[in-house]
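*Asks:* Submitted below is the structure of interest, expressed as structure tokens.
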Amino acid sequence: MSKARWFVLTVSILMVAALALAACQPAATEAPAVEASAEEAATEAPAEEVATEAAATEAPVEEGPAVGGTFVYSSIEEPDTLDIYKSAFSVTSLVTSNIGGALVAKNFDGQMVPYLAKSWEISEDGLTYTFHLRDDVKFHNGDPFTANDYVWTWSRCQAEGFVCPVSASLLTFTYEATDDYTLVLHLTAPNYYTLSNLGAYDYLQPLDQKVVEEVGDTYGMGTTAVGVGPYMIKEWVQDEKLVLARNPDFVWGPELFEGGNTGPYYVEELEFRIVPDLATQLAGLEANELDYGTVEAKDLEIVENTGYFKIHDLVAPGFTYVSFNLTNEKVSDIKVR
Numbered sequence: 032m033s034k035a036r037w038f039v040l041t042v043s044i045l046m047v048a049a050l051a052l053a054a055c056q057p058a059a060t061e062a063p064a065v066e067a068s069a070e071e072a073a074t075e076a077p078a079e080e081v082a083t084e085a086a087a088t089e090a091p092v093e094e095g096p097a098v099g100g101t102f103v104y105s106s107i108e109e110p111d112t113l114d115i116y117k118s119a120f121s122v123t124s125l126v127t128s129n130i131g132g133a134l135v136a137k138n139f140d141g142q143m144v145p146y147l148a149k150s151w152e153i154s155e156d157g158l159t160y161t162f163h164l165r166d167d168v169k170f171h172n173g174d175p176f177t178a179n180d181y182v183w184t185w186s187r188c189q190a191e192g193f194v195c196p197v198s199a200s201l202l203t204f205t206y207e208a209t210d211d212y213t214l215v216l217h218l219t220a221p222n223y224y225t226l227s228n229l230g231a232y233d234y235l236q237p238l239d240q241k242v243v244e245e246v247g248d249t250y251g252m253g254t255t256a257v258g259v260g261p262y263m264i265k266e267w268v269q270d271e272k273l274v275l276a277r278n279p280d281f282v283w284g285p286e287l288f289e290g291g292n293t294g295p296y297y298v299e300e301l302e303f304r305i306v307p308d309l310a311t312q313l314a315g316l317e318a319n320e321l322d323y324g325t326v327e328a329k330d331l332e333i334v335e336n337t338g339y340f341k342i343h344d345l346v347a348p349g350f351t352y353v354s355f356n357l358t359n360e361k362v363s364d365i366k367v368r
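Next comes the structure, spelled out in structure tokens:
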């Protein structure tokens, strides 16, 4: 029996994150000096000509990457809410990771680097993590970010009666704010994954207590979500699209590679277009209306032939696991599992 291969390839265009620098004009070359005769020397050049010849040539101005454009991402589903602490949807994670931020980030070399925390120390026994936070970070509405925002956000997730499907599993420690810009975590046992988990832009991002309490139970619906990340919620049209706008005040981004941009992002807007049908996504890619879509293997050549996309084969990092219902007698015995 032949094995059927069925896989989905993700096709994307990297847009204007770093446009080409404007070409520099060559430096002006000086004309060779010509010795004038005595008669010519006695005749003064008109004032306008002298001024023109004496004017300095300005050096060309180098331009950086341009700001603008919209990156259109097609998704088969839309978020159930933009309150990440109430959601387990992958598209909610995708959207809110652009709205929120994290204590640390993993750079392109796989090393943890500062983000909302400018530095940190881990005790010798691995049980205490002390984070020193930046004091220049603000939420999208201008409210200052402090260590107390983390304490309130995480306590809300763990509150009795609050359903926190994913984030709660990452809070494997207790926490306290010893001052406005110092956050201390206490573990009961060393955990190698703690620092990596704290790099979750989505599931462990800080929320603005004032905004969440003012909005109430509907926080995360419409345009109510507020974060500290590079993009802000601009528009949400149910069953159609969700649009994020560039945060021009974002100057605290992590340096993901040497010399990388840590300021406002260059792409003006991110549009998450709801396209449940893969055939419709394919048509959108062919028409160059989408920048990111899901493509079945049989349609890969069609997309490649459009000339709009460059196809890359890669192995994405990740893991697969199997969960057992331990109330089932057949698998409740660990020897059976």
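To convert, count from 1 in the sequence shown and add 31; that's our numbering.
Cβ coordinates follow ideal geometry from the N, Cα and C atoms, glycine included.
1) If contacts are defined as beta-carbon pairs under 8 Å, then residue 133 and residue 197 qualify, I think. What distance do you get, rounded to the angstrom?
2) Look at the alpha carbon of residue 343 and the alpha carbon of residue 328, and state the distance between them as a whole number of angstroms.
3) Between residue 235 and residue 228, how many whole angstroms is the CB-CB distance? I'm expecting something under 8 Å.
4) Rounded to the nearest angstrom, how far is the Cβ of residue 130 from that of residue 275, given a contact under 8 Å?
5) Between the region 305-318 and the region 281-293, do three or more beta carbon pairs fall short of 8 Å?
6) Below 8 Å between beta carbons: does that hold for residue 161 and residue 151?
7) When you compare the CB positions of residue 361 and residue 367, do they come within less than 8 Å of one another, or not?
8) Given that a residue counts as buried once 16 or more other Cβ atoms are within 10 Å of its Cβ, and exposed if not, what is residue 190?
9) Return helix, strand or coil for residue 130, following the three-state DSSP convention.
10) Rounded to the nearest angstrom, what separates residue 37 and residue 169 at their Cα positions?
11) Using the Cβ count rule (16 or more neighbours within 10 Å means buried), how would you classify residue 52?
12) With a 10 Å radius around its C-beta and 16 neighbouring C-beta atoms as the bar for buried, classify residue 103 as buried or exposed.
13) Are the beta-carbon atoms of residue 114 and residue 250 separated by less than 8 Å?
14) May I ask you to report which of helix, strand or coil DSSP gives residue 137?
15) Measure the beta-carbon distance from residue 259 to residue 147 and round it to whole angstroms, keeping in mind my assumption that it falls under 8 Å.
16) Consult DSSP for residue 323 and reduce its assignment to one of helix, strand or coil.
17) So if DSSP puts residue 99 in a beta bridge, which residue, or which two residues, is it bridged to?
18) Look up residue 121 in the DSSP assignment and say whether it is helix, strand or coil.
19) Which residue from 216, 106 and 212 puts its Cα closest to that of residue 123?
20) If you count every other CB in all the chains shown that lies within 10 Å of the CB of residue 171, and 16 or more means buried, which is it?
21) Could you check which residue in 98, 110 and 230 has the C-alpha nearest to that of residue 264?
22) Can the beta-carbon of residue 267 be found closer than 8 Å to that of residue 167?
23) On the DSSP bridge assignment, give the partners of residue 151 in chain order.
24) For a minimum of 3 consecutive residues, which ranges assigned as the beta strand (DSSP E) are wholly contained in the region 195-241?
25) If you check the beta carbons only, do residue 232 and residue 188 fall under 8 Å apart?
26) If we count the other Cβ atoms within 10 Å of its Cβ and call it buried at 16 or more, is residue 336 buried or exposed?
27) Find the nearest neighbour of residue 309 within the set 293, 99 and 108, judged by alpha-carbon distance.
*Replies:* If we stick to the structure as given:
1) Taking the sequence shown and counting its residues from 1, one reaches residue 133 at position 102. Taking the sequence shown and counting its residues from 1, one reaches residue 197 at position 166. Actually they do not touch by this definition, with Cβ atoms about 15 Å apart.
2) Indexing the sequence shown from 1 puts residue 343 at position 312. Indexing the sequence shown from 1 puts residue 328 at position 297. Using only the alpha carbons, I get a separation of about 13 Å.
3) Within the sequence shown, residue 235 is the residue found at index 204, counting from 1. Within the sequence shown, residue 228 is the residue found at index 197, counting from 1. Going by Cβ atoms, the distance from residue 235 to residue 228 rounds to 7 Å, so yes, they are a contact pair.
4) To locate residue 130, count along the sequence shown from 1; it is residue 99. To locate residue 275, count along the sequence shown from 1; it is residue 244. Correct: roughly 7 Å between the Cβ atoms.
5) no
6) Sequence index remark: in the sequence shown, residue 161 carries index 130 (1-based). Sequence index remark: in the sequence shown, residue 151 carries index 120 (1-based). It is a contact, given that the beta carbons lie within the stated cut-off.
7) Position 330 of the sequence shown holds residue 361. Position 336 of the sequence shown holds residue 367. Between residue 361 and residue 367, the gap from beta carbon to beta carbon is short of 8 Å.
8) Translated into positions along the sequence shown, residue 190 becomes position 159. So residue 190 ends up on the exposed side.
9) Here the question's residue 130 lines up with position 99 in the sequence shown. Residue state, collapsed to three classes: helix.
10) In the sequence shown, the residue the question calls residue 37 occupies position 6. In the sequence shown, the residue the question calls residue 169 occupies position 138. Unreliable positioning characterises residue 37 in this predicted model, as indicated by a pLDDT of 37, which lies under 50. A coordinate reading is not provided.
11) To locate residue 52, count along the sequence shown from 1; it is residue 21. Confidence at residue 52 is low in this model, with a pLDDT of 33, below 50, so the placement of that residue is unreliable and no value is reported for it.
12) For the purposes of this step, residue 103 is taken as the residue at position 72 of the sequence shown. Buried: at least 16 other Cβ atoms inside 10 Å.
13) Position 83 of the sequence shown, counted from the first residue, corresponds to residue 114. Position 219 of the sequence shown, counted from the first residue, corresponds to residue 250. Yes, the Cβ-Cβ distance between residue 114 and residue 250 is below 8 Å.
14) Locating residue 137 in the sequence shown gives position 106, where the first residue counts as 1. Note: residue 137 maps to strand in three-state DSSP.
15) The count along the sequence shown starts at 1 and reaches residue 259 at position 228. The count along the sequence shown starts at 1 and reaches residue 147 at position 116. With 8 Å as the limit, residue 259 and residue 147 qualify as a contact, their Cβ atoms being about 7 Å apart.
16) Translated into the one-based positions of the sequence shown, residue 323 becomes position 292. It is a strand residue.
17) The residue you call residue 99 lines up with position 68 of the sequence shown. Answer is 298.
18) Locating residue 121 in the sequence shown gives position 90, counting from the first residue. Of the three classes helix, strand and coil, the one that applies to residue 121 here is helix, per DSSP.
19) Within the sequence shown, numbered from 1, the residue matching residue 123 stands at position 92. Ranking 216, 106 and 212 by Cα distance to residue 123 puts 106 first.
20) By one-based count along the sequence shown, residue 171 stands at place 140. Residue 171 comes out buried.
21) Residue numbering aside, residue 264 sits at position 233 when the sequence shown is read from its first letter. Closest option to residue 264, Cα to Cα, is 110.
22) The residue given as residue 267 occupies position 236 in the sequence shown. The residue given as residue 167 occupies position 136 in the sequence shown. Against a cut-off of 8 Å, the Cβ pair of residue 167 and residue 267 comes out as no contact.
23) Counting from 1 along the sequence shown, the entry for residue 151 is found at position 120. Residue 151 is bridged to 162.
24) 205-210 and 213-217
25) Along the sequence shown, read from residue 1 onward, the residue named residue 232 stands at position 201. Along the sequence shown, read from residue 1 onward, the residue named residue 188 stands at position 157. Not in contact: residue 232 and residue 188 (Cβ atoms no closer than 8 Å).
26) As a first step, residue 336 is located in the sequence shown; it is residue number 305 there, counting from the start. Per the 10 Å Cβ criterion, exposed.
27) As a working note, residue 309 is residue 278 in the sequence shown. It is 108 whose Cα lies nearest to the Cα of residue 309.
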